[in-house]
């Protein structure tokens with residue numbers, strides 16, 4: 001359970017770094033076929049890796065599993081809100097820049 005607590009800080013730091021990278025690159029699409037920027041991929045990859053770690057713990061007690069997943073849901077909530085709020089603020093300042101606004105909207109979806 002301590003790892004999950006420490007994971008909050010690590011996840012938020014990862015989120016901030018991903019957003020900063022997007023800002024520095026002008027919220028570029030990850031590829032021609034992807035309509036969102038790299039921060040979406042980075043953030044969800046990190047969350048999926050954390051979920052994978054929890055699954056490898058080989059827990060057998062449903063009550064313990066439920067506690068871990070409930071605690072991990074707090075991390076997910078913090079990260080997603082921590083992502084949505086800066087994207088919303090960036091959107092407010094990107095008015096008139098259609099490409100960036102489109103990417104930001106896709107990021108939030």
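Residue numbers (the numbering used here): 1 to 109. We put the CB at the ideal spot given by N, CA and C, even for glycine. Remember, predicted model here, so these are calculated numbers, not experimental data.
Among the options, the one whose alpha carbon lies nearest that of residue i
i: residue 81; options: 20, 43, 23, 28; result: 43
i: residue 104; options: 29, 53, 64; result: 29
i: residue 88; options: 77, 109, 69, 75; result: 109
i: residue 53; options: 69, 16, 85; result: 69
Cβ shell of residue i (< 6 Å), same chain only, five flanking positions each side left out
i: residue 94; result: 100, 101
i: residue 46; result: 14
i: residue 35; result: 106
Close Cβ partners of residue i (< 8 Å) along its chain, the five nearest in sequence each way excluded
i: residue 2; result: none
i: residue 55; result: none
Assumed close pair residue i, residue j - CB separation to whole angstroms, cut-off 8 Å
i: residue 40; j: residue 107; result: 5 Å
i: residue 4; j: residue 72; result: 6 Å
Cut-off 7 Å between Cβ atoms - residues of its own chain near residue i, not counting five sequence neighbours on either side
i: residue 27; result: 37, 100, 103, 104
i: residue 78; result: 8, 12
Exposed unless 16 or more other CB atoms sit within 10 angstroms - verdict on residue i
i: residue 66; result: exposed
i: residue 50; result: buried
i: residue 75; result: buried
i: residue 18; result: buried
i: residue 98; result: exposed
i: residue 22; result: buried
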